[in-house]
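The sequence shown: position 1 = 113 (my numbering), numbered continuously. We put the beta carbon where it would ideally sit given N, CA and C, even for glycine.
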Amino acid sequence: VNEKSLMKNLVKNYSITGGGKSVEVPIYAAVAAAAVAEATDLANTAINPTSVTITAAEVGIMTTLTDLARNSASRNVAADIGQLFGNAIAKKIDVDILAKFDGFSVTAGSASTVLAPAGIFNAAAVLSSLGLDPSECYAVMHPHVAYDLKSGMTNTFAGLPSDVSNEAMRTGYVGQLAGIKLFETANMGNTGTAGNYKVGIFHRDALAIAMMQDLKLETQRDASLRADEIVATAVYGVGELHDSYGVELHVNSSIVS
């Protein structure tokens with residue numbers, strides 16, 4: 113089984129255990145300390161957290177593998193199907209988390225402008241102004257968007273005398289800008305308009321996934337059909353914890369898709 117989910121590793125992870133289909137995540141408001149005079153009693157600071165409830169739902173996929181198809185194949189078809197199903201579940205998890213970018217309270221950029229390093233630095237400034245550590249922040253974009261970012265950083269792939277330009281030219285990879293780690297995923301589609309995409313730049317505490325059941329593969333024999341049903345399921349929920357901890361950039365891609 114090959115289960116790869118990029119977004120799951122970039123957000124807060126919770127487990128739903130002990131009954132029930134949801135988990136309630138407490139959200140604490142920032143508090144401030146103040147100077148006090150000697151021998152003066154401190155005033156009481158009320159801590160009244162709000163909460164976000166993340167409710168799990170089931171996702172799944174099923175196929176029927178006949179004995180004839182399995183026995184006549186040159187490969188282990190059941191194992192191949194397991195890998196396909198694992199990837200499908202992982203993609204569904206990514207797509208569900210990526211959809212939460214729309215809930216970020218800060219939007220920037222333009223659907224007519226390609227992504228430039230300034231866009232990443234702009235978002236980094238927004239998040240840093242909230243006291244968030246850039247090393248715990250991530251930028252996630254479609255490869256078509258990353259193409260334009262790399263083009264601008266390399267003088268249209270001619271190269272520039274800088275480490276980040278050299279790395280982009282050498283490996284095709286931009287690992288970090290403004291302290292923010294950059295990731296590409298084809299699981300983020302366009303906005304529905306050719307060439308228009310969104311980029312999510314966020315702190316890891318902005319979003320969360322709550323797992324009740326991770327990927328599970330099962331088979332069930334259907335003797336009269338001379339076949340086995342192969343079923344893959346997962347039970348989870350996704351949610352937004354802090355909408356101010358993320359920036360949604362609207363950008364254009366010069367690779368129209």
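{"Check": "Have a look at M265 and S356 and give me their C-alpha separation to the nearest angstrom.", "Outcome": "28 angstroms"}
{"Check": "Is the distance from the Cβ of A290 to the Cβ of I209 below 9 angstroms?", "Outcome": "no"}
{"Check": "Give the single residue among K212, S127, K262 whose Cα lies nearest to the Cα of G287.", "Outcome": "K262"}
{"Check": "Spatial neighbours of I193 within its chain, please: C-beta separation below 7 angstroms, excluding the five flanking residues on both sides.", "Outcome": "T175, L177, I342"}
{"Check": "Within a Cβ cutoff of 8 angstroms, which residues of the same chain sit near T331, ignoring the five residues on either side of it in sequence?", "Outcome": "A190, D340, E341, I342, V343"}
{"Check": "Quick one: complete alpha helix (DSSP H) runs, 4+ long, within the segment 224–258?", "Outcome": "229–240"}
{"Check": "Cutting at 6 angstroms between CB atoms, please list the residues of its own chain near E115, excluding the five before and the five after it.", "Outcome": "Any reading at E115 is ruled out, since the residue's pLDDT is 47, under 50, leaving its predicted position unreliable."}
{"Check": "So, under 8 angstroms CB-CB, G358 and F216 are touching, yes? Tell me the CB distance rounded to an integer number of Å.", "Outcome": "4 angstroms"}
{"Check": "So, are the CB atoms of E360 and F213 less than 9 angstroms apart?", "Outcome": "yes"}
{"Check": "So, using beta-carbon positions, are K310 and I205 closer together than 9 angstroms?", "Outcome": "no"}
{"Check": "Using 8 angstroms as the cut-off, can you tell me whether the segment 162–176 makes contact with the segment 124–143, which would need three or more C-beta pairs spanning the two stretches below that distance?", "Outcome": "yes"}
{"Check": "Are G312 and V252 close, meaning C-beta to C-beta below 9 angstroms?", "Outcome": "yes"}
{"Check": "Taking only three categories from DSSP, how would you classify N114?", "Outcome": "Any reading at N114 needs caution, since the residue's pLDDT is 42, under 50, leaving its predicted position unreliable; the model's value is listed next. Coil, per DSSP."}
{"Check": "Would Y250 be called buried (16 or more neighbouring beta carbons within 10 Å of its own) or exposed?", "Outcome": "buried"}
{"Check": "Please look up how many angstroms separate the CB atoms of V368 and G301, rounded, as I've assumed it's under 8 angstroms.", "Outcome": "The pair is not a contact, with the Cβ atoms about 14 angstroms apart (cut-off 8 angstroms)."}
{"Check": "Tell me the residue span of the alpha helix (DSSP H) that contains I367.", "Outcome": "Note, I367: premise wrong, no alpha helix (DSSP H); not H, not E."}
{"Check": "Can you tell me which of the three DSSP states Y357 falls into?", "Outcome": "helix"}
{"Check": "With M119 as the anchor, note down where its beta strand (DSSP E) starts and where it stops.", "Outcome": "It is not in any beta strand (DSSP E) - M119 carries neither H nor E in the DSSP assignment."}
{"Check": "How big is the Cα-Cα spacing for A155 and A220?", "Outcome": "40 angstroms"}
{"Check": "Contact defined as beta carbons within less than 8 angstroms: I believe N125 pairs with I321. What is the distance between those atoms, to the nearest angstrom?", "Outcome": "6 angstroms"}
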